[in-house]
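Novice: In full-length UniProt numbering, the protein residues as written are 1 to 202. For every residue, glycine included, the Cβ atom is placed at its ideal position computed from N, Cα and C. Have a look at the structure that comes next, please.
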């Protein structure tokens, strides 16, 4: 074998080994900070979306597989708010299909299925437009709403442009509309599977 080829192979092998070690080191260094950041984000979302509680919803969460009305089975993680031994509310993540991305939304409700809060956890919507779904001025509109006390379109909460009472974002209707649909779906899941979901808190 040509000596120059041997040197080239050796150089490439060493380079790949060094790169692999470097990537592994970066992963190990950043693994714990990333996990801690995720934990803090979850805690903030629960504080924003759940009714008053004196327990730790993050550590008593339960994952349940539910068979939905479309016949498909989906797994959800439910976070329970409690005061003493009494359940005051429940929160879980629903997913909306936005303009540019899937939008992950934490939905919190009281036991009477009124929304206690929503929090946008993850999205890749257009900055300055769809991304404004993160603004409190948009999110707080959902508080106190339910499928029984709001203007509905096709059985769902809806933005004003569609005949509902959720004010959309100027120049960006798709992202807010997606959230109203996903939140409505979450409320329906809670109603249809109430006994299973609440049993998970015991």
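Nearest CA to the CA of residue 124: which residue from 11, 95, 84 and 161?
Specialist: The shortest Cα separation from residue 124 among 11, 95, 84 and 161 belongs to 95.
Novice: Starting from residue 186 and walking both ways along the alpha helix (DSSP H), at which residues does that stretch end?
Specialist: Element bounds for residue 186: 174-192.
Novice: In whole angstroms, what is the alpha-carbon distance linking residue 156 and residue 15?
Specialist: Going from the Cα of residue 156 to the Cα of residue 15 covers about 56 Å.
Novice: Quick one: using the 10 Å Cβ neighbour count with 16 as the cut-off for buried, is residue 159 buried or exposed?
Specialist: Answer is buried; the Cβ neighbour count reaches 16.
Novice: Quick one: residues in its chain with C-beta nearer than 6 Å to the C-beta of residue 107, no 5 flanking neighbours on either side, listed in chain order?
Specialist: Excluding sequence neighbours, residue 107 sits near 94, 118, 183 and 186.
Novice: Consult DSSP for residue 137 and reduce its assignment to one of helix, strand or coil.
Specialist: Residue state, collapsed to three classes: helix.
Novice: By DSSP's criteria, residue 257 is part of a beta bridge. Which residues make up the other side?
Specialist: Residue 257 lies beyond the range of the chain shown here (1 to 202); nothing can be said about it.
Novice: Do residue 92 and residue 77 have their CB atoms nearer than 9 Å?
Specialist: Yes.
Novice: Along the chain, where does the beta strand (DSSP E) that runs through residue 145 open and close?
Specialist: Per DSSP, residue 145 belongs to no beta strand (DSSP E) and is neither H nor E.
Novice: Three-state secondary structure (DSSP) at residue 121?
Specialist: Correct three-state label for residue 121: strand.
Novice: Give the straight-line distance between the Cα atoms of residue 199 and residue 62, rounded to the nearest whole angstrom.
Specialist: Using only the alpha carbons, I get a separation of about 10 Å.
Novice: For the beta strand (DSSP E) containing residue 63, list its first residue and its last residue.
Specialist: Note, residue 63: beta strand (DSSP E), 62-67.
Novice: Tell me the DSSP secondary structure of residue 15 in three-state form.
Specialist: Residue state, collapsed to three classes: helix.
Novice: Going along the chain, which residues of its own chain have a beta-carbon closer than 7 Å to the beta-carbon of residue 83, five neighbours each way excluded?
Specialist: Closer than 7 Å at Cβ, skipping near neighbours: 52, 53 and 54.
Novice: Looking at C-alpha atoms only, which residue of 202, 74, 113 and 164 is the closest neighbour of residue 190?
Specialist: Among 202, 74, 113 and 164, the Cα nearest to that of residue 190 belongs to 113.
Novice: Can you list, in chain order, the residues of its chain with a C-beta nearer than 7 Å to that of residue 181? Leave out the 5 residues immediately preceding and following it.
Specialist: 96 and 156, listed in sequence order.
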